[in-house]
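Contents: one structure, followed by commentary.
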Amino acid sequence: MTDGGQLDLEEKRVGKDVPGNDLAFSGTFPQKLIPSSGVITYMYSGATAESCQKELEGKTYSSVTVGNGRSCCLRTAEGHVATVSIVKADPHENAPVQVKYTVWP
């Protein structure tokens, strides 16, 4: 994802102005992932649908800071639970970020 990029997790679409997007990337330092649902939290151990659901009920943030190896759980625009992991990030402003994710029904 590049600065201003959006991702629709269910439809596997990434780009600018993605309809129904679940997640946006701000490349401005500090880089952030911002959920369209407004519900996101860091995940510090192996994520499952159940563990993400539990974390989302407890503490939520409006964004998470990007960093290599970090993971988070979020609720998608469609109401599904998902986990997103940062595969590759460069801390320089406007550098792209690579993520992998899982969406549970």
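In case it helps, my numbering puts the sequence shown at residues 27 to 131. For each residue, glycine too, the CB sits at the ideal point set by N, CA and C. None of these values were measured; they are calculated from a predicted model.
Asked: Per DSSP, the bridge partner or partners of S52; Found: K58
Asked: Classification of G53 by the beta-carbon crowding that lies within 10 angstroms, buried from 16 upward; Found: buried
Asked: Under 9 Å between C-beta atoms of E83 and D48; Found: no
Asked: Where K114 sits in the DSSP three-state scheme; Found: strand
Asked: Reduced DSSP category for I33 - H, G, I as helix; E, B as strand; rest coil; Found: Looking at the sequence shown, residue 33 is not Ile but Leu. Reduced to three states, the DSSP call for L33 is strand.
Asked: C-alpha distance - F55 paired with P131, whole-angstrom precision; Found: 33 Å
Asked: Buried versus exposed call for G64 [16 or more other C-beta atoms within 10 Å across all chains shown]; Found: exposed
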